[in-house]
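In UniProt numbering, the protein residues as written are 1 to 433.
Ideal Cβ positions, reconstructed from N, Cα and C, are used throughout, including at glycine.
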Amino acid sequence: MSKASVSLVKVSEVYESLGQALDLCDGLAGLQVDDKILLKPNIVSWDFDYPFPPYGVVTTSTVMQALVQILVERGFKNLIIGEGSLPGPKPQGDAIYEALGYGKLRDRYGVRLVDFNAEPFITTDYGDGFKLDIAQEALAVDKIINIPVLKTHNQAKVPLGIKNLKGCLSRRSKQFCHGLDQEELNLTFPRVIEKLPVALTIIDGLYTLEKGPGPTGKAYPKGLLLASRDPLACDLVGAAVLGYTAQEVPHLAFYAEKHGYSLELSDYEVKGGSIEGYQGRIDYDFEWSEDNTGPAGFEKRGITGLAIRKYDSSLCTGCSVQFNPMLILLASAYKGGPFNQIELVSGKQQLASAGFNTTILFGKCACHLNRNNPNINQAITLWGCPPDLEKMVEELGKEGIQCDFNEYVRFRNYLFDRYKGKEGYNPEDWTIE
């Protein structure tokens, strides 16, 4: 039995290098020219209010353009781009697609653009009592080409292709995947793929991101493309490039065991380049104090009287994206003296502790879980999924915790400006000619 192959190609020019990657792994062999094919990029979020650095966060438009061009040239015409980005008060997928230049792919090649958040979802039974709401469009296609980004993730360690398919779920099912026990994150999202016809995975490694999945992590130019018809093989090689063994990534180990696949790289064939030639360990998690009272940076600044419990896997994407901004706002309330014994809890399993004067409940899950917690003396309930940051500033201000929203704005500008004009960081990678 032949080994599943994974292409690992250093990018010279995206179109040529992607073609090489596809040829090396025979990536289009499983497709028929009359297939309806879904292209699933990774667009975890976008922002139209503040500067947004997409490096290592969002699949590059240059890779998407090259892929569409190659497919059309080889006779594939029935193409769809679909994603379910982190939704705001209303779906904004169409606006995101236009910002990324996908409208030109629609006009030029007839690609249909679908925002999963604006379309129906189908409750899908996996046969063992496990159910997920999957985008109708994703279930209706003949084949899926999955195009994740080469990055780490502060909850899932190394997300890549299998994790990227979580974007095909409804908001409710995405939240369900951040559950507890047998509904824990690393045991739920790997099951999405079981009902989807994934024929090809292409990992966009033009940039890589540490401490992702969002722009609060730090991106680096990498210049790689990985491709495989075997989704696990592609993720295993991607994880290795990021410096992780499969055994270090719980969801890969779970997926392999469930389906009887090997986790040994020697059981797969890497074509094009060697893993060792491009390997480099990229951190996935933010440092926290040993006593779990806040980020290491808070400790260095001498912030006391404030205990922010570290996020866990039950914190869903909405609150996760707001968690770092929340830290910035609370840091802005530090005036040199200790806080008045304040604790902050979040997610679906963190219970407020005794001994604090005030407890901040961050997000609706923490609010529900701690509704009748006898340890709480005074609660500041930040409802929402996720909480609104400006509302948070208002609510904390009522209790004498004076946050400066301008610090958050400065933080957002810093995240964007740190790449501006730097060699190797090209914002035009998210435009289409």
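Look up leucine 180 in the DSSP assignment and say whether it is helix, strand or coil.
Working through the sequence shown from its first residue, we reach residue 180 at position 180. Coil, per DSSP.
Grab the span of the alpha helix (DSSP H) containing leucine 105 for me, first residue to last.
Translated into positions along the sequence shown, residue 105 becomes position 105. Element bounds for leucine 105: 102 to 109.
C-beta atoms of isoleucine 380 and glutamate 394 nearer than 8 Å:
Your numbering for residue 380 matches position 380 in the sequence shown. Your numbering for residue 394 matches position 394 in the sequence shown. For the 8 Å CB-CB criterion, isoleucine 380 and glutamate 394 do not form a contact.
Any idea what DSSP makes of proline 338, helix, strand or coil?
Position 338 of the sequence shown holds residue 338. Note: proline 338 maps to coil in three-state DSSP.
Please identify the residue among Lys174, His259, Ala118, Pro213 whose C-alpha is closest to the C-alpha of isoleucine 282.
The residue you call residue 282 lines up with position 282 of the sequence shown. Among Lys174, His259, Ala118, Pro213, the Cα nearest to that of isoleucine 282 belongs to Pro213.
Have a look at the DSSP bridge pairing and note the partners of isoleucine 193.
In the sequence shown, the residue the question calls residue 193 occupies position 193. None, per the DSSP bridge assignment.
Check whether the Cβ of glutamate 73 lies closer than 7 Å to any heavy atom of the ligand ATP, and answer yes or no.
Among the components modelled here there is no ligand, and therefore nothing to report on the ligand ATP.
Aspartate 115 to leucine 169, Cα distance in whole Å?
Counting from 1 along the sequence shown, the entry for residue 115 is found at position 115. Counting from 1 along the sequence shown, the entry for residue 169 is found at position 169. Just so you know, the alpha carbons of aspartate 115 and leucine 169 end up roughly 12 Å apart.
So which of Lys77, Phe121, Glu119 has the shortest CA-CA distance to arginine 106?
In the sequence shown, residue 106 corresponds to position 106, counting from 1. Comparing Cα-Cα distances from arginine 106 to each of Lys77, Phe121, Glu119, the minimum goes to Lys77.
If you count every other CB in all the chains shown that lies within 10 Å of the CB of valine 33, and 16 or more means buried, which is it?
By 1-based counting over the sequence shown, the position of residue 33 is 33. By the 10 Å Cβ count, valine 33 comes out exposed.
In the DSSP output, what is arginine 112 paired with across the bridge?
By one-based count along the sequence shown, residue 112 stands at place 112. Beta-bridge pairing links arginine 112 to Ile80.
Using a threshold of 8 Å, state whether the C-beta atoms of leucine 389 and leucine 344 are closer than that.
By 1-based counting over the sequence shown, the position of residue 389 is 389. By 1-based counting over the sequence shown, the position of residue 344 is 344. No, the pair does not count as a contact, with Cβ atoms beyond the cut-off.
Quick one: grab the DSSP three-state call for aspartate 128.
Within the sequence shown, the letter at position 128 stands for residue 128. When DSSP states are grouped into helix, strand and coil, aspartate 128 belongs to the coil group.
Excluding the 5 residues flanking lysine 131 on each side, which residues of the same chain have their C-beta closer than 8 Å to its C-beta?
Here residue 131 refers to the residue found at position 131 of the sequence shown. If you ignore the 5 residues before and after lysine 131, its C-beta comes within less than 8 Å of the C-beta of Thr123, Thr124, Asp125, all in its own chain and listed in chain order.
Sort Lys348, Cys365, Gln378 by Cα distance to threonine 358 and report the nearest one.
Residue 358 sits at position 358 when you count from the first residue of the sequence shown. Of Lys348, Cys365, Gln378, the residue nearest in Cα terms is Gln378.
Is it right to say glycine 336 is buried, meaning 16 or more other beta carbons lie within 10 angstroms of its own, or is it exposed?
Along the sequence shown, read from residue 1 onward, the residue named residue 336 stands at position 336. It is exposed - the Cβ of glycine 336 has fewer than 16 other Cβ atoms within 10 Å.
Looking only at C-alpha atoms, which of Val192, Ile96, Glu183, Gly272 sits nearest to lysine 348?
Residue mapping note: residue 348 aligns to position 348 of the sequence shown, counting from 1. The shortest Cα separation from lysine 348 among Val192, Ile96, Glu183, Gly272 belongs to Glu183.
Proximity of alanine 227 and leucine 252 at Cβ, strictly below 8 Å
Residue 227 sits at position 227 when you count from the first residue of the sequence shown. Residue 252 sits at position 252 when you count from the first residue of the sequence shown. For alanine 227 and leucine 252, no; Cβs fall outside 8 Å.
By a C-beta neighbour count over all protein chains shown, 10 Å radius and 16 as the cutoff for buried, is lysine 3 buried or exposed?
Here residue 3 refers to the residue found at position 3 when the sequence shown is read from its first residue. By the neighbour-count criterion, in which 16 or more other beta carbons inside 10 Å mark a residue as buried, lysine 3 falls on the exposed side.
Give me the residue from Trp383, Leu236, Val63, Asn340 with the minimum Cα distance to leucine 160.
For the purposes of this step, residue 160 is taken as the residue at position 160 of the sequence shown. Distance check between leucine 160 and each of Trp383, Leu236, Val63, Asn340 places Leu236 closest, using alpha-carbon atoms only.
For the beta strand (DSSP E) containing serine 5, list its first residue and its last residue.
Translated into positions along the sequence shown, residue 5 becomes position 5. According to the DSSP assignment, serine 5 belongs to the beta strand (DSSP E) that extends over 5 to 10.
As assigned by DSSP and simplified to three states, the class of proline 250
One-based indexing of the sequence shown puts residue 250 at position 250. Helix.
What's the gap between the Cα of glycine 243 and the Cα of glycine 280?
Locating residue 243 in the sequence shown gives position 243, where the first residue counts as 1. Locating residue 280 in the sequence shown gives position 280, where the first residue counts as 1. The straight-line gap from Cα to Cα measures roughly 5 Å.
Pairing CB atoms from the region 130 to 150 with CB atoms from the region 270 to 277, are three or more of them under 8 Å?
Counting Cβ pairs under 8 Å, fewer than three are found: no touch.
Identify whether asparagine 186 lies in helix, strand or coil by the three-state DSSP scheme.
For the purposes of this step, residue 186 is identified with residue 186 of the sequence shown, where counting begins at 1. In this structure, asparagine 186 counts as helix in the three-state DSSP scheme.
Buried or exposed (CB count within 10 angstroms, at least 16 for buried), leucine 39
Your numbering for residue 39 matches position 39 in the sequence shown. Under this definition leucine 39 is a buried residue.
Return the CA-CA distance between arginine 410 and glutamate 210, expressed in angstroms with no decimal places.
As a first step, residue 410 is located in the sequence shown; it is residue number 410 there, counting from the start. As a first step, residue 210 is located in the sequence shown; it is residue number 210 there, counting from the start. For arginine 410 and glutamate 210, the distance between alpha carbons rounds to 21 Å.
What is the C-beta distance between valine 249 and valine 158, in whole angstroms, given that I count them as a contact (C-beta under 8 Å)?
Residue 249 sits at position 249 when you count from the first residue of the sequence shown. Residue 158 sits at position 158 when you count from the first residue of the sequence shown. Yes, they are in contact, since the Cβ atoms of valine 249 and valine 158 sit about 5 Å apart, within 8 Å.
Could you give the distance in angstroms between the alpha-carbon of glycine 318 and the alpha-carbon of methionine 326?
Taking the sequence shown and counting its residues from 1, one reaches residue 318 at position 318. Taking the sequence shown and counting its residues from 1, one reaches residue 326 at position 326. Rounded to whole angstroms, the separation of the alpha carbons of methionine 326 and glycine 318 is 12 Å.
Three Cβ pairs or more, each shorter than 8 Å: is that satisfied between the region 404 to 424 and the region 48 to 68?
Counting Cβ pairs under 8 Å, three or more are found: they touch.
Please classify alanine 140: is it buried, with 16 or more other beta-carbons within 10 angstroms of its beta-carbon, or exposed?
Position 140 of the sequence shown, counted from the start, is the residue given in the question as residue 140. By the neighbour-count criterion, in which 16 or more other beta carbons inside 10 Å mark a residue as buried, alanine 140 falls on the exposed side.
Assuming glycine 205 is part of the beta strand (DSSP E), what are its boundary residues?
Within the sequence shown, numbered from 1, the residue matching residue 205 stands at position 205. Here the beta strand (DSSP E) through glycine 205 covers 198 to 210.
Opening and closing residue of the beta strand (DSSP E) in which serine 228 lies
Here residue 228 is taken as the residue at index 228 of the sequence shown, counted from 1. Annotation for serine 228: the continuous beta strand (DSSP E) segment containing it runs 218 to 228.
Per DSSP, which residues does aspartate 133 bridge with? Please list them.
In the sequence shown, residue 133 corresponds to position 133, counting from 1. Thr123, per the DSSP bridge assignment.
Quick one: Cα of aspartate 128 to Cα of glutamine 341, how far?
To locate residue 128, count along the sequence shown from 1; it is residue 128. To locate residue 341, count along the sequence shown from 1; it is residue 341. Using only the alpha carbons, I get a separation of about 46 Å.
What is the DSSP secondary structure of isoleucine 144, counted as helix, strand or coil?
Position 144 of the sequence shown, counting from 1, holds the residue named residue 144. Residue state for isoleucine 144 is assigned as strand, using DSSP reduced to three classes.
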